[in-house]
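If you count the sequence shown from 1, you need to add 3 to reach the working numbering.
Each residue gets a CB set at the ideal place from its N, CA and C atoms; glycine is no exception.
In what follows, a structure is listed as structure tokens, so that the remarks can point back to it.
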Amino acid sequence: KEELSRHVEKIPAAYKHELQQVDSDLIDNPVAAEQYLADQDPLRTLATAAIVDLFRSQGPEKFHQIVVKMRKANPKSRLASEAGINALGYNFLGQNRYADAIAVLRMNTEDFPKSPNPYDSLAEALFKSGDVAQARAMYAKALEVDPNYVNAEFAQKFLAEHSEK
Numbered sequence: 004k005e006e007l008s009r010h011v012e013k014i015p016a017a018y019k020h021e022l023q024q025v026d027s028d029l030i031d032n033p034v035a036a037e038q039y040l041a042d043q044d045p046l047r048t049l050a051t052a053a054i055v056d057l058f059r060s061q062g063p064e065k066f067h068q069i070v071v072k073m074r075k076a077n078p079k080s081r082l083a084s085e086a087g088i089n090a091l092g093y094n095f096l097g098q099n100r101y102a103d104a105i106a107v108l109r110m111n112t113e114d115f116p117k118s119p120n121p122y123d124s125l126a127e128a129l130f131k132s133g134d135v136a137q138a139r140a141m142y143a144k145a146l147e148v149d150p151n152y153v154n155a156e157f158a159q160k161f162l163a164e165h166s167e168k
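This is the structure we're talking about:
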């Protein structure tokens, strides 16, 4: 029992060290970092923590540069994909960190301007933050990009219900 307790006490420090190593690798060697995460992190908890930590430590502009570098190094990157960055935005949105969510989701609209989903997600974050006018603009943009996208019916309803008077 004592031995088990000693091992359990080491877990937070080991996890923090592993997280720092993954953060560093995502910057310096993103392909190896993602391979490590694919092999060692089946539940993606470390991957999520690493990408959140990277955003917090680097700030939005530097984070964006790192994401672009990750995509260039590995075009099939899950973490730096449209869906991966969208998930990060929703992670922040779920924590009511609206400014961070908006920054990440806006970045995704810039990186994937021909996809309606980033605009739709940004619209949701803007609305939840209280910016109805910008939410309307983003839902309208999502519909402009693809009038039949998966959430188009909701976007049309939102625009009708929140029409400018």
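Check whether residue i and residue j have beta carbons under 7 Å apart
{"i": "R74", "j": "A83", "result": "yes"}
{"i": "L91", "j": "V107", "result": "yes"}
{"i": "A145", "j": "A136", "result": "no"}
{"i": "D26", "j": "L46", "result": "no"}
{"i": "S80", "j": "E21", "result": "no"}
{"i": "S132", "j": "Y101", "result": "yes"}
{"i": "D44", "j": "A50", "result": "yes"}
{"i": "A126", "j": "Y142", "result": "yes"}
{"i": "N89", "j": "N111", "result": "yes"}
Element boundaries [alpha helix (DSSP H), containing residue i]
{"i": "V135", "result": "V135 to V148"}
{"i": "M37", "result": "Here the sequence assigns Glu to residue 37, which means Met is not the residue at that position. Start and end: P33 to Q43."}
{"i": "S124", "result": "P119 to K131"}
{"i": "Y101", "result": "Y101 to D114"}
{"i": "L162", "result": "A155 to E164"}
Same chain only: Cβ atoms within 6 Å of residue i, ignoring 5 sequence neighbours per side
{"i": "K19", "result": "none"}
{"i": "I54", "result": "L82 and L91"}
{"i": "P63", "result": "A106"}
{"i": "D114", "result": "none"}
{"i": "A76", "result": "P33 and V34"}
Neighbourhood of residue i by C-beta, 8 Å cutoff - its chain only, sequence neighbours within 5 removed
{"i": "A35", "result": "D28"}
{"i": "V148", "result": "P116, K117, S118, P119 and Y122"}
{"i": "A155", "result": "P119, A145, L146 and D149"}
{"i": "S124", "result": "N89, G92, Y93, L108 and N111"}
7 Å CB neighbourhood of residue i in its chain, flanking five on each side removed
{"i": "F66", "result": "L57 and F58"}
{"i": "I129", "result": "The residue you asked about is not Ile; residue 129 is Leu in the sequence shown. Result list for L129: I105, Q137, A138 and M141, in chain order."}
Any non-hydrogen atom of the ligand ZN closer than 6 Å to residue i Cβ
{"i": "F95", "result": "For the ligand ZN, the structure offers nothing, since it holds no ligand at all."}
Original post:
At what residue ranges does the segment 49–99 contain a whole run of the alpha helix (DSSP H), taking only runs of 4 or more?
Top reply: 85–97
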